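For reference, the structure is listed below as structure tokens.
Number of protein chains: 4
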Amino acid sequence: MSIAVIYGGARQNGNTEQLTEYAIEGLQSEKIYLRDYHILPIDDQRHSERGFQDLGDDYNSVIKRVMAHDVLIFATPIYWYTMSGLMKNFVDRWTETLRDSEFPQFRQEMGSKKAFLIAVGGDEPHIKGLPLVLSFQHIMGYFGGKLDGYILGKGSKPGEILHDNAALTAAEQLRKKLSQNGN
Amino acid sequence: MSIAVIYGGARQNGNTEQLTEYAIEGLQSEKIYLRDYHILPIDDQRHSERGFQDLGDDYNSVIKRVMAHDVLIFATPIYWYTMSGLMKNFVDRWTETLRDSEFPQFRQEMGSKKAFLIAVGGDEPHIKGLPLVLSFQHIMGYFGGKLDGYILGKGSKPGEILHDNAALTAAEQLRKKLSQNGN
Amino acid sequence: MSIAVIYGGARQNGNTEQLTEYAIEGLQSEKIYLRDYHILPIDDQRHSERGFQDLGDDYNSVIKRVMAHDVLIFATPIYWYTMSGLMKNFVDRWTETLRDSEFPQFRQEMGSKKAFLIAVGGDEPHIKGLPLVLSFQHIMGYFGGKLDGYILGKGSKPGEILHDNAALTAAEQLRKKLSQNGN
Amino acid sequence: MSIAVIYGGARQNGNTEQLTEYAIEGLQSEKIYLRDYHILPIDDQRHSERGFQDLGDDYNSVIKRVMAHDVLIFATPIYWYTMSGLMKNFVDRWTETLRDSEFPQFRQEMGSKKAFLIAVGGDEPHIKGLPLVLSFQHIMGYFGGKLDGYILGKGSKPGEILHDNAALTAAEQLRKKLSQNGN
């Protein structure tokens, strides 16, 4: 079992990142900070004759790295009650990969991965973060998979998440689960 | 009463656009196609000393045009069970505007606008589009406002929305509502 | 195709009933007003040795009538942001029917029915009624089916629903759909 | 601070009860098992001339006991993706109490209480239990309050909840929170 963490936050070492780092402490993982890459919004060519064209940005190299792992942890701050635009642009591009001959098994492979969501927000995340959870459930459901778990944490100012004991405990439990799967 | 339509679709004349055009037929409105502008993901500087810096892209000019209107229609295709990345990046930047001295009344003004969502998707939009609706409800709620209405339509291939009679009727009813407000 | 309408409202001729009557005008249907029957809360005997015992109320005769139809319309007022207790007690008893040898095909049969929800409420039904929609989606999903459509209407005082043009139009469209299926 | 626990389960010592008992271990509380009382579905007389009439069942004595406490824990198994019919009938009757001169402050008092939800289900409770959470959020919101917290646990067979470590930990954290408030 190998883990990819996809970070959607705009701020280095933000609350979502701290919580996620705590969850994967001691586990091997490949960390991908989307803010470090140039990933354009999708140019929807589903219905054009020539189909999708390579946009020449970093998307393809990033998705290739993601697909090499069995467990995906989507770590996004809750921006405006759903995932960050950085994360959303990345996800939107999957529509392109679904039609990319370099990823002929994209759908099946995504459906067989374990997927977790870690999301921290400042405004009642346990209630107002639920649309985000439901979106990810539908996203993984599209591939025939499911969202295997999620952690919602509360934090706004830097470091605030470290006071959310419930979130920290949930992160420990996720870590335990991920290490057991590893055997 | 004046109307701004904010289009989040990547494809010209896509299903969401067609439905929205039908809803505003004969009404005066300012149409903003986000795909025609360069709008970067937010660079979260809420907690940095110097605060947000101008990213030098088109965001500020676009939000200025949006704020000049009383009614906002957010028209986004349902990409992966929530708004498009183009739309999300635009919304994310509001965090910056909330702290921008050029928009001292941003919060109150946004809270006093009428807001509508028009969203078309191919995969059970009336169920799987609900997280998107809930997100927008929370978004407008943040400003003390609310989502005044939404239309979910079904369509995937170009033009398919024109066969969704329920959505077309809802669009007509929205049009009627918007014209009455105009007096 | 034959239609059963299951009414969960406590009040005769309430808003939900008026909207539903409008939707099925001219169509043949069997109408079941749950308030006219004695249906006890479930006595959960899933895990007892002897299993479920007949509670001697009207439930079994009602579910038998329901199962005779291909299309189910669940018509419930939105009480406290979900279905009425009358409706919920009826649904809860399905757990019993799932284990009842008199209904050996209950699961498959329920999964093959068309299911619609009509629900009227006074407090932002298009937003605050969504948890009810999601519950019904999961309910039909349990059987391998789905919620084929829903209408949310706004009304509180008697007759108020007759001013909700959007709901009335949606009811007409449902009627058309149901009549076409009937051929 | 004093606690009322309202149990909506049909089965004695079911999973939801076990989890809740664990959460309130060592705390003083008044426990109300709705299945032990005769509580009729609401007879909606909001719009009749004479108004609500006493149904002569146990509802009034139960709500009186509930109102004597500052913290309400709603403990309901997830039956068919929302609260049990027993719980729902109890909640539905609040409509009556809102108009009952014996409870002139019902709305304000409910709005000032702390409210928690504990719910256990067998079928993906962390996803499919979310409509229940959203309903309770709206319910408490009606009074101007909010849902202060919730615990979703997984369990179907008797005792199964005792293997849901995440739920048990959340219960411990709720217990800690409730004891601190007590000082």
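If you read the sequences in order, they're chains A, B, C and D. Residue numbering for the first sequence follows the numbering used here, beginning at 3 and increasing consecutively. Residue numbering for the second sequence follows the numbering used here, beginning at 3 and increasing consecutively. Residue numbering for the third sequence follows the numbering used here, beginning at 3 and increasing consecutively. Residue numbering for the fourth sequence follows the numbering used here, beginning at 3 and increasing consecutively. Glycine residues also receive a C-beta, built at the ideal position from the N, C-alpha and C atoms. Quick caveat, the model's predicted, so the values are computed rather than measured.
Taken in chain order, the unbroken stretches of alpha helix (DSSP H) that lie wholly in the segment 118 to 154 of chain C and span 4 residues or more are 127 to 130 and 132 to 144. Counting C-beta pairs closer than 8 Å gives fewer than three between the segment 19 to 32 of chain D and the segment 42 to 54 of chain D, which falls short of the contact rule.
For A/F76, the uninterrupted beta strand (DSSP E) segment begins and ends at V73 to P79. For the segment 164 to 175 of chain B, the set of residues with a beta-carbon nearer than 7 Å to any beta-carbon of chain C comprises N167, A168, T171, A172 and Q175, in chain order. With 16 or more other Cβ atoms inside 10 Å of its own Cβ, A/Q139 counts as buried. The beta-carbon of D/I129 is placed less than 7 Å from the nearest beta-carbon of chain A.
Non-local C-beta neighbours of B/I153 in its own chain, meaning closer than 8 Å and more than five positions away in sequence, comprise L21, A25, F118, L119, I120, A121, A169, A172, A173 and L176, ordered along the chain. Relative to the Cα of B/G124, the nearest Cα in the group B/I80, B/K115 and B/F54 belongs to B/I80.
In this structure, DSSP gives C/K115 a state outside helix and strand, which the three-state scheme calls coil. Here B/Y83 carries a coil assignment [DSSP, helix/strand/coil]. Per DSSP, the continuous beta strand (DSSP E) segment holding D/A6 begins and ends at I5 to Y9. If you look at A/Y61, you'll find it in the alpha helix (DSSP H) that goes Y61 to M69.
At a cut-off of 7 Å between beta-carbon atoms, C/H40 makes no contact with chain D. Considering only beta carbons, the part of the segment 144 to 155 of chain C lying closer than 8 Å to chain B consists of K148, L149, G151 and Y152, in chain order. Beyond the five residues adjoining it in sequence on each side, D/D72 comes within less than 7 Å, by CB distance, of M3, S4, K115 and K116 in the same chain, given in chain order.
Residues of chain B whose Cβ lies closer than 7 Å to the Cβ of C/Q139 are, in chain order, I129. Under the 10 Å beta carbon count, D/P106 is surrounded by fewer than 16 other beta carbons and is classified as exposed. Where C/E23 is concerned, the enclosing alpha helix (DSSP H) starts and stops at N17 to I26. When the Cα atoms are used, D/F54 and C/W82 turn out to be separated by approximately 18 Å. When Cβ-Cβ separations below 7 Å define contact, A/V73 makes no contact with chain B.
Of all residues in the segment 6 to 31 of chain C, none places a beta-carbon less than 8 Å from a beta-carbon of chain B. Residue contact check for A/K90 against chain B: a CB pair falls below 7 Å. Taking 7 Å as the threshold, the shortest C-beta distance from A/P106 to chain B does not fall below it.
With distances taken between CA atoms, C/I41 lies nearest to C/G58 out of C/K33, C/L29, C/G58 and C/Q30. In this structure, the CA atom of B/L180 is about 10 Å from the CA atom of B/Q30. In the three-state reduction of the DSSP assignment, B/S103 falls in the coil class. The beta carbon of B/V64 sits closer than 8 Å to those of I34, L36, Y39, I41 and F92, all from its chain and outside the five residues before and after it, given in chain order. Exposure of C/D56 is indicated by the presence of fewer than 16 other C-beta atoms within 10 angstroms of its C-beta.
Between A/K148 and C/K159, the alpha-carbon positions lie close to 43 Å from each other.
In its chain, beyond the 5 residues on either side, G10, G11, T18, M85, S86, M89 and A121 have a beta carbon closer than 7 Å to the beta carbon of C/T78. Excluding the 5 residues flanking it on each side, A/R101 has same chain C-beta neighbours closer than 8 Å at R48, G53 and F54, in chain order. In the displayed model, A/I163 falls within a helix according to three-state DSSP. The Cβ atoms of D/L132 and A/L134 lie no closer than 7 Å to each other. Residue burial is scored here from C-beta neighbours: C/A70 has fewer than 16 other C-beta atoms within 10 angstroms and is therefore classed as exposed.
Among the residues facing chain C, D/T99 is not included, as its CB has no counterpart in that chain under 7 Å away.
Residue environment: A/E98 is assigned as buried (16 or more neighbouring CB atoms within 10 Å of its CB, all protein chains considered).
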